[in-house]
Amino acid sequence: MATERPLWEILLDCKKSEKLRCSECFQLMEYLAETAARAQDEEKARDLFLKHISCCPDCRDYCANRLEEYVEVEGKRISSRQSSTG
Ligand SMILES: [Zn+2]
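Numbers in our numbering are just positions in the sequence shown, counted from 1, shifted up by 1.
This is how it looks when you write it as structure tokens:
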């Protein structure tokens, strides 16, 4: 029986793990969606999440709505990054 891990544990773990489980992906998605605009330190988590949804259609489907929000925020971040030098 699969046990759900708390978010902090997933976040800790994602610094050293390469894969997410689907349930972890969902938790991470919620976290990233809520912190997207201000999370500077979560690139590893974001990478893992994006990697997971890029090869997991189930999660991609499930996340689609949240991702729209998330990508919108990310898009703003990226475009503001492009306009600054450095
Ligand atoms: Zn998945």
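Even glycine gets a Cβ: it sits at the ideal position worked out from N, Cα and C.
Exercise for the section: Name the two residues that bound the continuous alpha helix (DSSP H) containing C56. Expected result: E44 to C56
Exercise for the section: Decide if C5 is buried, meaning its Cβ has at least 16 other Cβ atoms within 10 Å, or exposed. Expected result: Note on residue identity: the sequence assigns Glu, not Cys, to residue 5. Burial call: exposed.
Practice task
Kindly give me the distance between the Cβ atoms of R47 and I54, rounded to whole angstroms, as I take these residues to be in contact under 8 angstroms.
Solution key: That belief does not hold up - the Cβ atoms of R47 and I54 are roughly 11 angstroms apart, past 8 angstroms.
Exercise for the section: Would you identify the three-state DSSP class for L21, choosing helix, strand or coil? Expected result: coil
Practice task
Say whether chain C places a C-beta atom closer than 9 angstroms to the C-beta of I54.
Solution key: This model lacks chain C altogether, as it is built from one protein chain only.
Exercise for the section: Under 7 angstroms Cβ to Cβ from K45, same chain only, skipping five residues before and after it: list those, please. Expected result: C15 and K16
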